[in-house]
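Engineer: Supplied in C-alpha coordinates, the structure appears directly below.
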Amino acid sequence: MIRALRTFLLPTLSVTVMTALGCGGAQVAAPEPVAPAAAFVDADREAIVGLLEAQRQAWNRSDLDSFMIGYLESEELVFTSGGNIRRGWQTTLDNYRKNYGSRPEGMGTLEFDVLELRPLGADGAVMLGRFRLVDTPSPSSGVFTLVFERTAAGWKIVHDHTSGDPPDETPPAPGDAPAAPASGE
-11 MIRALRTFLL PTLSVTVMTA LGCGGAQVAA PEPVAPAAAF VDADREAIVG LLEAQRQAWN
49 RSDLDSFMIG YLESEELVFT SGGNIRRGWQ TTLDNYRKNY GSRPEGMGTL EFDVLELRPL
109 GADGAVMLGR FRLVDTPSPS SGVFTLVFER TAAGWKIVHD HTSGDPPDET PPAPGDAPAA
169 PASGE
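Below, the structure is given as C-alpha coordinates:
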(Lines of atoms letter the chains of each structure in order from A and count residues from 1; the text may use other names and numbers.)
(Lines give C-alpha, C1' and ligand atoms only; values in the text may rest on other atoms or scores of the structure.)
Protein backbone atom coordinates (compact mmCIF):
# COMPACT_ATOMS: atom_id res chain seq x y z
CA MET A 1 0.00 0.00 0.00
CA ILE A 2 2.86 2.38 0.78
CA ARG A 3 4.34 1.63 -2.63
CA ALA A 4 1.00 2.48 -4.29
CA LEU A 5 0.87 5.80 -2.43
CA ARG A 6 4.42 6.66 -3.56
CA THR A 7 3.84 5.76 -7.19
CA PHE A 8 0.42 7.33 -7.64
CA LEU A 9 -0.50 9.79 -4.90
CA LEU A 10 2.81 11.65 -4.45
CA PRO A 11 3.27 12.58 -8.15
CA THR A 12 -0.39 13.58 -8.40
CA LEU A 13 -0.18 15.62 -5.20
CA SER A 14 3.05 17.28 -6.36
CA VAL A 15 1.51 18.38 -9.67
CA THR A 16 -1.59 19.66 -7.86
CA VAL A 17 0.46 21.69 -5.35
CA MET A 18 2.79 23.07 -8.03
CA THR A 19 -0.17 24.10 -10.18
CA ALA A 20 -1.86 25.76 -7.24
CA LEU A 21 1.34 27.68 -6.41
CA GLY A 22 1.82 28.76 -9.99
CA CYS A 23 4.92 26.65 -10.52
CA GLY A 24 3.55 24.19 -12.99
CA GLY A 25 3.72 25.34 -16.62
CA ALA A 26 0.51 26.74 -18.11
CA GLN A 27 -2.01 28.04 -15.67
CA VAL A 28 -5.72 27.52 -16.04
CA ALA A 29 -7.49 30.86 -16.15
CA ALA A 30 -10.48 31.37 -13.93
CA PRO A 31 -13.73 31.25 -15.93
CA GLU A 32 -15.12 34.59 -17.00
CA PRO A 33 -18.13 35.59 -14.94
CA VAL A 34 -21.37 35.02 -16.81
CA ALA A 35 -23.26 38.21 -17.47
CA PRO A 36 -26.75 38.23 -16.00
CA ALA A 37 -29.48 37.52 -18.53
CA ALA A 38 -31.01 40.55 -20.15
CA ALA A 39 -34.52 41.44 -19.11
CA PHE A 40 -37.55 40.91 -21.33
CA VAL A 41 -38.10 44.37 -22.82
CA ASP A 42 -40.58 46.07 -25.15
CA ALA A 43 -38.36 45.20 -28.15
CA ASP A 44 -38.79 41.50 -27.29
CA ARG A 45 -42.57 41.91 -27.21
CA GLU A 46 -42.46 43.69 -30.58
CA ALA A 47 -40.22 40.97 -32.06
CA ILE A 48 -42.58 38.18 -30.96
CA VAL A 49 -45.71 39.94 -32.21
CA GLY A 50 -43.80 40.74 -35.42
CA LEU A 51 -42.92 37.07 -35.84
CA LEU A 52 -46.59 36.15 -35.58
CA GLU A 53 -47.50 38.85 -38.11
CA ALA A 54 -44.83 37.53 -40.51
CA GLN A 55 -46.34 34.06 -40.13
CA ARG A 56 -49.82 35.41 -40.87
CA GLN A 57 -48.59 37.16 -44.01
CA ALA A 58 -46.70 34.05 -45.18
CA TRP A 59 -49.77 31.87 -44.65
CA ASN A 60 -51.99 34.30 -46.55
CA ARG A 61 -49.65 34.15 -49.56
CA SER A 62 -49.63 30.33 -49.32
CA ASP A 63 -45.94 30.23 -48.39
CA LEU A 64 -45.59 27.40 -45.86
CA ASP A 65 -41.78 27.51 -45.95
CA SER A 66 -41.76 31.14 -44.77
CA PHE A 67 -44.55 30.41 -42.28
CA MET A 68 -42.39 27.70 -40.70
CA ILE A 69 -39.48 30.10 -40.09
CA GLY A 70 -41.29 31.13 -36.90
CA TYR A 71 -40.88 27.64 -35.42
CA LEU A 72 -37.72 26.21 -33.87
CA GLU A 73 -36.24 23.97 -36.56
CA SER A 74 -35.62 21.05 -34.24
CA GLU A 75 -36.98 17.70 -33.15
CA GLU A 76 -37.68 19.45 -29.82
CA LEU A 77 -40.58 21.43 -31.33
CA VAL A 78 -43.92 20.31 -29.87
CA PHE A 79 -47.19 20.89 -31.74
CA THR A 80 -50.46 19.82 -30.16
CA SER A 81 -53.86 19.99 -31.87
CA GLY A 82 -56.92 17.84 -32.39
CA GLY A 83 -55.98 15.66 -29.44
CA ASN A 84 -52.63 14.76 -31.07
CA ILE A 85 -49.12 15.54 -29.89
CA ARG A 86 -46.56 15.87 -32.67
CA ARG A 87 -42.86 16.39 -32.23
CA GLY A 88 -40.39 17.91 -34.62
CA TRP A 89 -40.21 20.72 -37.14
CA GLN A 90 -40.35 18.46 -40.20
CA THR A 91 -43.34 16.55 -38.80
CA THR A 92 -45.13 19.86 -38.25
CA LEU A 93 -44.39 21.05 -41.79
CA ASP A 94 -45.48 17.70 -43.27
CA ASN A 95 -48.75 17.88 -41.30
CA TYR A 96 -49.46 21.42 -42.54
CA ARG A 97 -48.80 20.32 -46.13
CA LYS A 98 -51.06 17.28 -45.73
CA ASN A 99 -53.92 19.33 -44.25
CA TYR A 100 -53.66 22.55 -46.25
CA GLY A 101 -51.38 22.01 -49.24
CA SER A 102 -49.74 25.18 -50.46
CA ARG A 103 -52.44 26.54 -52.73
CA PRO A 104 -54.42 29.67 -51.83
CA GLU A 105 -57.73 27.82 -52.19
CA GLY A 106 -56.58 25.25 -49.61
CA MET A 107 -54.86 27.54 -47.14
CA GLY A 108 -57.36 30.39 -47.00
CA THR A 109 -56.93 33.58 -45.03
CA LEU A 110 -55.54 33.49 -41.49
CA GLU A 111 -56.19 36.10 -38.81
CA PHE A 112 -54.78 36.28 -35.28
CA ASP A 113 -55.81 38.13 -32.16
CA VAL A 114 -53.17 38.27 -29.42
CA LEU A 115 -54.95 38.20 -26.06
CA GLU A 116 -51.92 37.98 -23.75
CA LEU A 117 -48.16 37.90 -24.03
CA ARG A 118 -46.33 37.16 -20.78
CA PRO A 119 -42.57 36.94 -20.35
CA LEU A 120 -41.16 33.82 -18.74
CA GLY A 121 -37.87 35.27 -17.57
CA ALA A 122 -35.57 37.05 -19.99
CA ASP A 123 -35.46 34.36 -22.68
CA GLY A 124 -38.97 32.95 -22.82
CA ALA A 125 -42.56 34.05 -23.28
CA VAL A 126 -46.03 32.55 -23.53
CA MET A 127 -48.75 33.92 -25.79
CA LEU A 128 -52.48 33.27 -25.60
CA GLY A 129 -54.54 34.16 -28.63
CA ARG A 130 -57.35 33.37 -31.02
CA PHE A 131 -57.11 32.40 -34.67
CA ARG A 132 -59.61 32.42 -37.48
CA LEU A 133 -59.10 30.68 -40.81
CA VAL A 134 -61.57 31.64 -43.57
CA ASP A 135 -61.84 31.39 -47.38
CA THR A 136 -60.87 27.72 -47.33
CA PRO A 137 -62.73 24.42 -47.76
CA SER A 138 -62.04 23.77 -44.05
CA PRO A 139 -62.69 27.06 -42.22
CA SER A 140 -61.90 26.99 -38.53
CA SER A 141 -61.30 29.13 -35.52
CA GLY A 142 -60.11 28.62 -31.99
CA VAL A 143 -57.52 29.44 -29.40
CA PHE A 144 -53.80 28.90 -29.23
CA THR A 145 -51.01 28.99 -26.71
CA LEU A 146 -47.50 29.52 -28.04
CA VAL A 147 -44.31 29.19 -26.04
CA PHE A 148 -41.43 31.26 -27.40
CA GLU A 149 -37.73 30.91 -26.69
CA ARG A 150 -34.96 33.38 -27.44
CA THR A 151 -32.41 31.62 -29.67
CA ALA A 152 -29.27 32.70 -31.51
CA ALA A 153 -31.55 33.14 -34.55
CA GLY A 154 -34.07 35.27 -32.63
CA TRP A 155 -37.38 34.37 -31.02
CA LYS A 156 -38.80 30.99 -32.08
CA ILE A 157 -41.94 29.03 -31.24
CA VAL A 158 -40.93 25.89 -29.33
CA HIS A 159 -44.41 24.70 -28.32
CA ASP A 160 -47.74 25.31 -30.10
CA HIS A 161 -51.02 24.14 -28.60
CA THR A 162 -53.96 24.95 -30.86
CA SER A 163 -57.58 24.03 -30.07
CA GLY A 164 -60.44 24.51 -32.47
CA ASP A 165 -63.77 25.95 -31.42
CA PRO A 166 -66.61 23.44 -31.16
CA PRO A 167 -68.39 23.14 -34.54
CA ASP A 168 -71.65 24.62 -33.24
CA GLU A 169 -70.02 27.70 -31.76
CA THR A 170 -69.64 30.90 -33.78
CA PRO A 171 -66.55 32.65 -32.43
CA PRO A 172 -66.09 36.40 -32.38
CA ALA A 173 -63.91 37.79 -35.15
CA PRO A 174 -60.38 38.62 -33.95
CA GLY A 175 -60.46 41.98 -32.21
CA ASP A 176 -64.14 41.78 -31.32
CA ALA A 177 -65.08 41.48 -27.67
CA PRO A 178 -67.39 38.60 -26.74
CA ALA A 179 -71.01 39.64 -26.48
CA ALA A 180 -72.20 40.47 -23.00
CA PRO A 181 -74.96 38.20 -21.70
CA ALA A 182 -78.44 39.66 -21.75
CA SER A 183 -79.73 40.85 -18.38
CA GLY A 184 -81.24 38.08 -16.33
CA GLU A 185 -78.97 35.35 -17.78
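Under this note's numbering, the residue at position 81 of the sequence shown is numbered 69, and the numbers go up by one with no gaps.
We put the CB at the ideal spot given by N, CA and C, even for glycine.
Owing to the predicted nature of the structure, the values given are computational and were not obtained by experimental measurement.
Three or more C-beta pairs under 8 Å: does that hold for the segment 88 to 96 against the segment 42 to 62?
Structural biologist: The segment 88 to 96, when compared against the segment 42 to 62, does touch it at the 8 Å Cβ threshold.
Engineer: Would you list, in sequence order, the uninterrupted beta strand (DSSP E) runs of no fewer than 3 residues that lie entirely inside the segment 85 to 148?
Structural biologist: Listed in chain order, they are 97 to 107, 112 to 122 and 128 to 139.
Engineer: Run the CB neighbour count on Q43, radius 10 Å, all protein chains shown included, and call it buried at 16 or more, exposed below.
Structural biologist: The residue is buried, with at least 16 neighbouring Cβ atoms inside 10 Å.
Engineer: Kindly indicate which three-state DSSP category S69 falls into: helix, strand or coil?
Structural biologist: Note: S69 maps to strand in three-state DSSP.
Engineer: In chain order, which alpha helix (DSSP H) runs of at least 4 residues are fully inside the segment 19 to 56?
Structural biologist: List check, alpha helix (DSSP H) in window: 30 to 48 and 52 to 55.
Engineer: By Cβ distance below 8 Å, which residues in the same chain neighbour S174 in space, the five residues on each side in sequence not counted?
Structural biologist: Residue 174 lies beyond the residue range present for the chain, which begins at -11 and ends at 173; the question has no answer from this structure.
Engineer: Between L143 and P125, what straight-line distance do the alpha-carbon atoms span, to the nearest angstrom?
Structural biologist: Note that residue 143 corresponds to Trp in the displayed sequence, not to Leu. So the alpha carbons of these two residues sit roughly 32 Å apart.
Engineer: Determine the closest residue to Y105 out of E63, S62 and G117, with distance taken between C-alpha atoms.
Structural biologist: The question names Tyr, but residue 105 is Leu in the sequence shown. Of the listed residues, the one whose Cα sits closest to L105 is G117.
Engineer: For G71 and Y84, I'd like the C-alpha separation in whole angstroms.
Structural biologist: Each residue's alpha carbon lies about 16 Å from the other.
Engineer: Just grab the DSSP bridge partners of G152 for me.
Structural biologist: G152 pairs with G130.
Engineer: Our contact map puts F136 next to V122 with C-beta atoms below 8 Å; I'd like the distance itself, whole angstroms only.
Structural biologist: About 26 Å; that fails the 8 Å criterion.
Engineer: Report the residue from S128, L40 and A140 whose alpha carbon sits nearest the alpha carbon of P154.
Structural biologist: Checked all of S128, L40 and A140; the closest Cα to P154 is S128.
Engineer: Near A26, which residues of its chain fall below 6 Å by C-beta distance, leaving aside the five closest residues on each side in sequence?
Structural biologist: Excluding sequence neighbours, A26 sits near A110.
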